[in-house]
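Report on the following structure.
Numbering (full-length UniProt numbering), first residue to last: 1 to 527.
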């Protein structure tokens, strides 16, 4: 289907509707100001801002969030603490959330689809009485988006009740699941976390700690696990330390979380990062913490994207503050790719720190040139086609009085498919920017992730199929530069000036720290 209509006296819009119902067009003619180099979206979904979330046709062409875990041991308000802790980790997953408390007589748990504040209230938190709890916020990278996959997953097995919450992804879970199914196991979810529960249940060890250790030795990938029984809380981190995992204290209570910002929210104090391959066991009967290992730590490979994009700026990972690391990335980006301009602006929210660093290094003023609307929801109206064209601005707007007549340096943390960058560049041009120079505070994202980040196939990653110059043209920028990998690693740094304590940079250089099964690569366009 095609159509043609007049946009202005000198401009023609040729429109086509693709198989997914997304109308795209190419503006031609006019005076060349603020025109698109490529296709731009005209939303035609069931509601006004449909398609503006993550995905190939969405405004937020960003990597999908991971998951977040939170645990409490030895505090009478364990459930309420978990609620606030999960709220602080909400950025890691907005699909579902859940809390399980070990009470005197039984487990008490509640899970639901949606945000933490939507799932929990006084009615369902009130009955959760107990001093030991684990909680979870989820974004599905493995398994379907449905309530059955919401965590913590709770099981009955021969030694009693067991609840599991995890952040990460098991690369060999499909193979293990096939083997277990052939041996008679029946799975109730499509989450790879259930695979671990089956391995625990089938272990020859009756002691839960040994059964957990036995299970962990059979899995591969990236993970931060919390296991809860009626009398124990067990924490474990994968041997490469791919996913962040920290321990804190609140008085005599122990806290566990995917990020240290959760401790600040509940009034706790960060104590240390859980080490790769470490197994921590808290015993309810004795109140003691036992430090153990289920595997020797391997080459440390903390996910670089945690520092670039995922973690909150007020979190520390491996004793490195995220905001400070991002500022250093921005400074290094300025050193590598200075451009004469009038203002620097960052794409909210994860790029603000890097933009501040770029501005400080260059002396170019930092300005709030882009504003994020935090309250967009599904607006079920049927506007005209002209209003649909404006739908892209519901989540992000350019501040016309700031950018008009200015040469703008736009800082972003990454380019995935390129669709968002194109829209933001054009948004700035439409607001009157005379030049838009794009600077990315990470190297080109060229490879899919198999460790708990929801990424497109390699063929859909623009940096995997286009040169930097081709990407520049595709996003309609006046210039484009990515941070070098050496600059990234040095910017992250480490305690007392340590450089490169070990980071997973596979998304940039194809060097995966673990073996990736061939069937995991099916459809990903991997070599």
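The beta carbon of each residue, even a glycine, is placed where N, CA and C say it ideally should be. What you are looking at is a predicted structure, and each value in this text was computed from that prediction instead of being measured.
Below 7 Å between beta carbons: does that hold for residue i and residue j?
i	j	result
residue 100	residue 163	yes
residue 448	residue 455	yes
residue 247	residue 491	no
residue 167	residue 111	no
residue 354	residue 344	no
residue 233	residue 132	yes
residue 96	residue 138	yes
residue 148	residue 265	no
residue 195	residue 173	yes
residue 308	residue 413	yes
residue 231	residue 285	yes
residue 225	residue 236	yes
residue 152	residue 301	no
residue 408	residue 422	no
residue 257	residue 120	no
residue 402	residue 367	yes
residue 82	residue 135	yes
residue 171	residue 508	no
residue 276	residue 240	yes
Quick one, which of the options has its alpha-carbon nearest residue i's?
i	options	result
residue 114	156, 133, 363 and 146	146
residue 479	485, 470 and 486	470
residue 85	261, 272 and 400	261
residue 606	450, 419, 405 and 442	Nothing about residue 606 can be read from this structure; the chain reaches only from 1 to 527.
residue 339	347, 361, 325 and 326	361
residue 78	88, 92 and 103	103
residue 305	236, 317, 359 and 299	317
residue 351	370, 365 and 363	370
residue 516	175, 154 and 153	175
residue 437	217, 182, 347 and 69	347
residue 252	327, 198, 73 and 229	73
residue 217	70, 182, 267 and 293	293
residue 341	503, 487, 189 and 359	359
residue 410	169, 482, 219 and 201	482
residue 467	415, 501, 213 and 434	415
residue 488	459, 325 and 432	325
residue 109	464, 128 and 91	128
residue 432	397, 331 and 461	397
residue 267	255, 276, 177 and 463	255
Assign residue i to one of two classes, buried (16 or more other C-beta atoms within 10 Å of its C-beta) or exposed (fewer than that).
i	result
residue 334	buried
residue 221	buried
residue 75	buried
residue 395	buried
residue 327	buried
residue 206	exposed
residue 349	exposed
residue 385	Low per-residue confidence applies at residue 385: pLDDT is 48, beneath 50, and the placement is therefore not dependable, though the value from the model is reported in the following sentence. So residue 385 counts as exposed.
residue 377	For residue 377, the predicted model reports a pLDDT of 48, less than 50, meaning its position is unreliable; a value from the coordinates is still stated below. Exposed is the call here.
residue 528	Nothing can be reported for residue 528: it is not among the residues displayed for the chain, which extend from 1 to 527.
residue 23	Because residue 23 sits at a pLDDT of 27, beneath the cut-off of 50, its placement in the model cannot be relied upon, and the following sentence gives the value as read from the coordinates. Flag for residue 23 reads buried.
If you reduce the DSSP assignment to three classes, tell me which class residue i lands in.
i	result
residue 414	coil
residue 75	coil
residue 112	strand
residue 186	coil
residue 506	helix
residue 129	coil
residue 175	helix
residue 366	strand
residue 181	helix
residue 261	helix
residue 286	coil
residue 228	strand
residue 583	Outside the modelled stretch of the chain, which goes from 1 to 527, sits residue 583, for which no answer is possible.
residue 117	helix
residue 267	coil
residue 598	Lying outside 1 to 527, the shown extent of the chain, residue 598 is not represented and no answer is given.
residue 161	strand
residue 501	coil
residue 250	strand
residue 272	strand
residue 344	strand
residue 214	helix
residue 321	strand
What residues are listed by DSSP as bridge partners for residue i?
i	result
residue 349	Residue 349 pairs with nothing; no bridge assigned.
residue 135	70 and 99
residue 437	409 and 479
residue 223	168
residue 107	102
residue 278	293
residue 92	According to DSSP, residue 92 bridges with nothing at all.
residue 233	228 and 282
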